[in-house]
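This report concerns only the one structure given below.
Numbering (the numbering used here), first residue to last: 1 to 103.
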């Protein structure tokens with residue numbers, strides 16, 4: 001379990017050890033999407049994210065034509081309403097970070 005007050009550090013550590021290419025989602029043809037989205041929409045502001053419209057949770061397809069630059073907070077709120085939230089503990093973060101199962 002992540003100790004109270006250590007959440008920011010745990011999240012920073014989680015992403016610090018990531019290879020950015022590992023985090024890049026692929027389209028339905030297996031081609032990475034992130035750099036193409038940046039080329040299409042420009043760099044993200046701190047309150048923005050790329051998202052599929054329609055959302056994958058509602059049957060959207062992972063294609064560059066379905067990617068849009070959206071408000072991060074509004075999109076997280078919308079996605080939270082579409083799927084049941086799951087709280088990750090440190091073991092889950094480690095498992096998902098390296099593609100394994102929770103310890």
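Each residue gets a CB set at the ideal place from its N, CA and C atoms; glycine is no exception. Everything numeric in this text was worked out from a predicted model, so none of it was measured.
Classified as buried, residue 70 has 16 or more neighbouring CB atoms from the shown chains inside 10 Å of its CB. In the DSSP secondary-structure assignment, residue 50 is bridged to 69. In the structure shown, the three-state DSSP call for residue 32 is strand. Inter-residue distance for residue 58 and residue 23 is about 22 Å (C-alpha atoms, whole angstroms). Excluding its 5 nearest sequence neighbours in each direction, residue 61 has C-beta neighbours in its own chain below 8 Å: 28, 52, listed in chain order.
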